[in-house]
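At position 61 of the sequence shown (counting the first as 1) the number is 61 in the working numbering, and the numbers step up by one without a gap.
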Amino acid sequence: MRYFRYFLFANILALSSISTSAMSQTITAWCYYSTVPFQTETKNNAGLAQDLVHYLNQELAGKRQLNLRFLPRNRLNLALSNAEKGIVLFAPSVIFGGIEGDHYLWSKPLLEDHQGFISRADKPFDYDTPASLYDSHL
Numbered sequence: 001m002r003y004f005r006y007f008l009f010a011n012i013l014a015l016s017s018i019s020t021s022a023m024s025q026t027i028t029a030w031c032y033y034s035t036v037p038f039q040t041e042t043k044n045n046a047g048l049a050q051d052l053v054h055y056l057n058q059e060l061a062g063k064r065q066l067n068l069r070f071l072p073r074n075r076l077n078l079a080l081s082n083a084e085k086g087i088v089l090f091a092p093s094v095i096f097g098g099i100e101g102d103h104y105l106w107s108k109p110l111l112e113d114h115q116g117f118i119s120r121a122d123k124p125f126d127y128d129t130p131a132s133l134y135d136s137h138l
């Protein structure tokens with residue numbers, strides 16, 4: 001099984017440009033997961049992402065204000081390549097170059113997740129790598 005650590009990460013350019021005199025600055029919190037449990041209702045962005053933004057805003061206590069924005073992954077990539085300021089919620093470091101890179105600041109893991117494979121008892125399947133799924137039918 002492959003384990004993914006989900007992190008909240010921030011663009012270094014965004015954080016380094018926020019001065020202490022702009023303590024009440026609004027920061028965009030991007031989330032590219034627009035499915036349950038991250039977004040359970042589109043009208044008011046209810047879900048895990050909104051809950052996290054609400055919690056972080058309480059912890060920031062008026063020093064900064066996070067504003068949640070859902071967007072597709074390709075638009076997120078464009079925003080990051082244009083050095084737009086913000087943070088990305090629930091982003092696995094493995095798809096953003098790992099935590100060793102120098103483009104982003106990473107938080108400690110918020111969640112740990114893994115992917116599992118389940119097969120029928122009367123038709124067992126040994127999963128080894130993604131290639132072992134080739135020519136398989138569900």
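C-beta: ideal position from N, C-alpha, C; glycine also.
Sub-7 Å separation of residue i and residue j beta-carbons
i, j, result
"A49", "L89", "yes"
"Q65", "T26", "yes"
"R69", "Y32", "no"
"R30", "L71", "In the sequence as presented, Arg is not what sits at residue 30; that position holds Trp. The answer is yes: Cβ separation under 7 Å."
As assigned by DSSP and simplified to three states, the class of residue i
i, result
"A14", "Confidence at A14 is low in this model, with a pLDDT of 41, below 50, so the placement of that residue should be treated as unreliable; the coordinate-derived value is given next. Three-state result, A14: helix."
"W91", "A small fix is needed here, since residue 91 is Ala in this sequence, not Trp. Correct three-state label for A91: strand."
"A79", "helix"
"F96", "helix"
"S132", "helix"
"S119", "coil"
"H137", "coil"
Inter-residue spacing [alpha-carbon to alpha-carbon] between residue i and residue j
i, j, result
"A46", "V36", "10 Å"
"S119", "I95", "28 Å"
"S136", "Y127", "11 Å"
"P109", "G98", "13 Å"
"T28", "I87", "6 Å"
"N82", "A121", "50 Å"
"E84", "L105", "14 Å"
"A61", "A91", "24 Å"
"H114", "K63", "35 Å"
"L76", "K123", "41 Å"
"T129", "S93", "21 Å"
"N44", "E59", "21 Å"
Residues bridged to residue i (per DSSP)
i, result
"P124", "In DSSP, P124 forms no bridge with anything."
4 or more residues per run - each alpha helix (DSSP H) lying fully within the stretch 19-75: 48-60
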